[in-house]
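Have a look at the structure below before the remarks.
Residue numbers (the numbering used here), protein chains in the order written: chain Z, 1 to 315; chain C, 1001 to 1397.
Here's what the structure looks like:
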């Protein structure tokens, strides 16, 4: 949002378009030509699939019955939106998203503070904390799955965990393991984004507050958090968008979204890849896309007001 | 010859035949391929393209390639449940005339039914599979011929042991439920692929729920597949298990006495007065419609599926033959002391629904019958019927 407004002001500054010189024209043309390959590549790899999915979502199109392909308008959408499966999957996805992102925010903040304050071994500390994020999600998911496996996992052998109530045998337990895997894997990413925000808080403010007699907690909630708000919102935006599309952890830990752990992405996979019902699956994908856009709009709006507030305060 | 060997994928030379089939760890498919290549004397050269062992993953790979008209696939090692789907989509070639006679020659009736769809033969049966009831001779009594699931569960509860089944939400659950339903005289879809769910589904749910909520439920029942069941039985926590014959050679590795104490019987009955309908698995070999060398591919398939190679598959891979005479060969008799009950089980087996929308139907069954301890037999029939109808109409369920 901030970037957008600055470019606006910049493009507004040059006097008038009429006064453009031949040289400027040639430069602009060159700029477009230099950009063109990248723009075309982006359009091909993102724009085209999205448009094609949109087109497919209006069709009855099952790869196994190519003869039955026909235009059906919005019926795929109404089918998805009136099914209880879609809504229960949306709820499951939201539970995973909200719980995991909240835990990640708190843990990420703590880790960011540690990384920020680390006096000795700053490099090794930061590197160590980033290790989970460097591990491929599928590999990490397998590690969690094997740990909790009711037959061969070590968690099954721990005291307090009874043979009959293994986490992976119930819906709640499975969701818990999936959330744990998600949190373990992506908290470092959250911490990294928050660390960048922490670095922006000027030390003078803290010192001034200290002189005024503010406690550590007061300083954290009154100075650090408000100044970090844009960074927090950006971190939340990235992680929420990511978490809402959760697929690999569930695919490995409860294959096929078993025991009611099906997320919207797993549903899309089951319909498109397993049932090869491309039309219906595309409708699911487009609906996920719309959800993601809504989440993004929500955070960008919040981010916009927060940065505007900040600028207002500064002025 | 060497150049043909090098190109395991993507067509290869003019005479190379690509066979897409699961990676048989025992090496019996490798042996069959090598033998056929030798027999062919340069007429064709089969490349064994290995697919994952998970049936769902195999299907996803094959279906996507066929939908994209991939001509690098010549032969497909088809799970028995794919026939209708691939045939209806026009992705495999029917076996006609003399070819049909070769495909059907001396085959057991169960496996033969799995290659037939809409009055035509779509593949040559290669290996089969079925489940037996395995029990500990030193712990429980020899099950009578009319042993039912109810009796088995009650016996296990009274002896403080467990019954191993496959009840994870995956294809194995469909296998189990389908056999329970067929054992009660019911079926999920009829010959015209119309949904036929009746009270037999309720009976199946009652057995599933009874086991899951009893003390005979093994730990992790709702996430156990074939291998967890085998491990559970070998660990001694259970004295009964229903599983494929691969558990028998595996038992030899636990210790010699363990295998000696392992008994076998036919799959238990759903109802006392009705013979059980064991599950039916296996691999058929089909010829891709998009292959550019169909004639050679048919020849290669006939060679691969010949009785000699079925015997090797039985011995090395633990995969039961589809040809009757193979059961009488010394190799198979030695590898399978239970060959007779195995053959009888395959003959009496209940095929899974024959419908082009099989994967939809199967997903719907899995969703409806999972988790096992949460299944409510009183409303299962309407629930299953509703999901089946939606699956058949290509809707979300």
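The beta-carbon is built from N, C-alpha and C at its ideal position, and this holds for glycine as well.
Keep in mind the model is a prediction, meaning the values are calculated, not measured.
> Excluding five sequence neighbours on each side, which residues of the same chain lie with their C-beta closer than 7 Å to the C-beta of residue 195/Z?
Replying inline: Mapped onto the first chain, residue 195/Z falls at position 195. If we look at residue 195/Z and ignore the five residues flanking it on each side, its Cβ neighbours are 112, 115 and 116.
Q.
Less than 8 Å between the C-beta atoms of residue 107/Z and residue 183/Z, yes or no?
A. Mapped onto the first chain, residue 107/Z falls at position 107. Mapped onto the first chain, residue 183/Z falls at position 183. Yes.
Quiz prompt | Nonlocal neighbours in the same chain, by C-beta distance under 8 Å from residue 1191/C, ignoring five residues either side | solution = Indexing the second chain from 1 puts residue 1191/C at position 191. The residues are 1354.
- Verify whether the separation of the beta carbon atoms of residue 79/Z and residue 262/Z is less than 8 Å. Stepping through the first chain from its first residue, residue 79/Z is reached at position 79. Stepping through the first chain from its first residue, residue 262/Z is reached at position 262. Against a cut-off of 8 Å, the Cβ pair of residue 262/Z and residue 79/Z comes out as no contact.
Is residue 79/Z close to chain C, meaning its C-beta is less than 8 Å from at least one C-beta of that chain? In the first chain, residue 79/Z corresponds to position 79, counting from 1. Yes, because at least one Cβ of chain C sits closer than 8 Å to the Cβ of residue 79/Z.
Quick one: using the 10 Å Cβ neighbour count with 16 as the cut-off for buried, is residue 48/Z buried or exposed?
Within the first chain, the letter at position 48 stands for residue 48/Z. Its Cβ having fewer than 16 others within 10 Å, residue 48/Z is exposed.
Query raised in the report: Looking at the structure shown, is residue 98/Z part of a helix, part of a strand, or coil, going by DSSP?
Result: Position 98 of the first chain holds residue 98/Z. Reduced to three states, the DSSP call for residue 98/Z is helix.
Task: Chain-ordered neighbours of residue 1360/C on chain Z, where CB pairs are closer than 9 Å - done: The residue given as residue 1360/C occupies position 360 in the second chain. The answer, in chain order, is 274, 275 and 277.
Open item on the list: Would the segment 1059-1074 of chain C count as touching the segment 1322-1329 of chain C if we require 3 or more Cβ pairs under 8 Å?
Closed with: no
- Tell me the DSSP bridge mates of residue 59/Z? Here the question's residue 59/Z lines up with position 59 in the first chain. Answer is 71/Z.
>> On the criterion of 16 or more Cβ atoms from any shown chain inside 10 Å, does residue 42/Z qualify as buried, or is it exposed?
In response: As a working note, residue 42/Z is residue 42 in the first chain. Classification of residue 42/Z: exposed, given that the 10 Å Cβ count is below 16.
- Query: If you run the structure through DSSP and keep just helix, strand and coil, what is residue 300/Z?
  - Reply: Walking along the first chain from the start, residue 300/Z turns up at place 300. In the structure shown, residue 300/Z sits in a helix (DSSP, three-state: H, G or I).
Worksheet item: Which stretch, first to last residue, makes up the alpha helix (DSSP H) that contains residue 1265/C?
Response: The sequence position of residue 1265/C within the second chain is 265, counting from 1. Looking at the DSSP string, residue 1265/C is not in any alpha helix (DSSP H); the run it does join, the beta strand (DSSP E), is 1262-1265.
Exercise. Name the chain Z residues that come within less than 7 Å of residue 1370/C, Cβ to Cβ?
Worked result: Counting from one through the second chain, the residue named residue 1370/C turns up at place 370. The contacting residues are 258 and 259.
Original post:
For the segment 1059-1093 of chain C, which residues have a beta carbon sitting closer than 7 Å to at least one beta carbon of chain D?
Top reply: Absence of chain D from the displayed structure is noted, the protein chains being Z and C.
**Prompt:** Run through DSSP, which three-state label would residue 1044/C get?
**Reply:** The count along the second chain starts at 1 and reaches residue 1044/C at position 44. Residue 1044/C falls in the coil class under three-state DSSP.
Notebook entry, point to check: Which partner residues does residue 1136/C have in the DSSP bridge list?
Noted result: For the purposes of this step, residue 1136/C is taken as residue 136 along the second chain, with counting starting at 1. DSSP lists 1262/C as partners of residue 1136/C.
* Asked: How big is the Cα-Cα spacing for residue 208/Z and residue 125/Z?
  -> Locating residue 208/Z in the first chain gives position 208, where the first residue counts as 1. Locating residue 125/Z in the first chain gives position 125, where the first residue counts as 1. Cα to Cα, the separation comes out at about 29 Å.
As an exercise, report each continuous alpha helix (DSSP H) stretch of at least 4 residues that is fully enclosed by the segment 87-174 of chain Z, in chain order. 122-134 and 137-148
For chain C, is any of its Cβ atoms less than 8 Å away from the one on residue 62/Z?
As a first step, residue 62/Z is located in the first chain; it is residue number 62 there, counting from the start. Yes, its Cβ sits closer than 8 Å to a Cβ of chain C.
| field | Secondary structure, beta strand (DSSP E): runs of 3+ residues fully inside the segment 1149-1192 of chain C | value | 1162-1164
Could you list which residues in chain C have their beta carbon closer than 8 Å to that of residue 59/Z, in chain order? As a working mapping, residue 59/Z is identified with position 59 in the first chain. The contacting residues do not exist; residue 59/Z stays about 12 Å from chain C at best.
Inset, instruction - Could you tell me whether any Cβ in chain C is nearer than 8 Å to the Cβ of residue 6/Z? - result: By 1-based counting over the first chain, the position of residue 6/Z is 6. Because residue 6/Z carries a pLDDT of 43, less than 50, the predicted location of this residue cannot be relied on, and the following value inherits that uncertainty. Judged by the 8 Å Cβ criterion, residue 6/Z is not in contact with chain C.
Would residue 84/Z be called buried (16 or more neighbouring beta carbons within 10 Å of its own) or exposed? Translated into positions along the first chain, residue 84/Z becomes position 84. Its Cβ having fewer than 16 others within 10 Å, residue 84/Z is exposed.
Decide yes or no for the touch test of the segment 1162-1169 of chain C against the segment 1354-1370 of chain C: beta carbon pairs closer than 8 Å, at least 3 of them.
-> yes
Using only the alpha-carbon positions, how far apart do residue 1282/C and residue 1021/C sit? In the second chain, counting from the first residue as 1, residue 1282/C sits at position 282. In the second chain, counting from the first residue as 1, residue 1021/C sits at position 21. Going by the C-alpha atoms only, they are around 12 Å apart.
In DSSP terms, what residue 1288/C is bridged to:
On the second chain, position 288 is the one that residue 1288/C refers to. DSSP output for residue 1288/C lists 1092/C as bridge partner(s).
What number of angstroms, rounded off, separates the C-alpha of residue 1041/C from the C-alpha of residue 1260/C? On the second chain, position 41 is the one that residue 1041/C refers to. On the second chain, position 260 is the one that residue 1260/C refers to. C-alpha separation (whole angstroms): 45 Å.
TODO: Tell me, please, which residues DSSP counts as bridged to residue 1019/C.
DONE: Along the second chain, one-based indexing puts residue 1019/C at 19. For residue 1019/C, which the question treats as bridged, DSSP gives the partners 1048/C and 1075/C.
Same chain only: Cβ atoms within 8 Å of residue 240/Z, ignoring 5 sequence neighbours per side:
Counted from its first residue, the first chain places residue 240/Z at position 240. Only 97, 101, 295 and 299 meet the Cβ criterion.
Taking only three categories from DSSP, how would you classify residue 1027/C? Against the second chain, residue 1027/C aligns to sequence position 27. It is coil, neither helix nor strand.
task: For residue 303/Z, collect the residues of the same chain with a Cβ closer than 8 Å to its Cβ; drop the 5 residues on either side in sequence, then sort them by chain order.
output: Here residue 303/Z is taken as the residue at index 303 of the first chain, counted from 1. The residues are 1, 230, 233, 234 and 237.
*Can you tell me which of 118/Z, 193/Z and 58/Z puts its alpha carbon nearest to the alpha carbon of residue 322/Z?*
Any property of residue 322/Z remains undetermined from this structure, which presents chain Z solely from 1 to 315.
Would residue 1247/C pass as a contact of residue 1258/C if the rule is Cβ separation under 8 Å? Position 247 of the second chain, counted from the first residue, corresponds to residue 1247/C. Position 258 of the second chain, counted from the first residue, corresponds to residue 1258/C. In this structure, residue 1258/C does not lie closer than 8 Å to residue 1247/C by Cβ.
Q) Using a C-beta cutoff of 8 Å, does residue 1259/C count as contacting chain Z? A) Residue mapping note: residue 1259/C aligns to position 259 of the second chain, counting from 1. It does not: the Cβ of residue 1259/C has no partner Cβ on chain Z nearer than 8 Å.
Given a cut-off of 8 Å, decide if residue 1056/C and residue 1171/C are closer than it, judged by their beta-carbon atoms. Numbered from its first residue, the second chain carries residue 1171/C at position 171. Numbered from its first residue, the second chain carries residue 1056/C at position 56. The answer is yes: Cβ separation under 8 Å.
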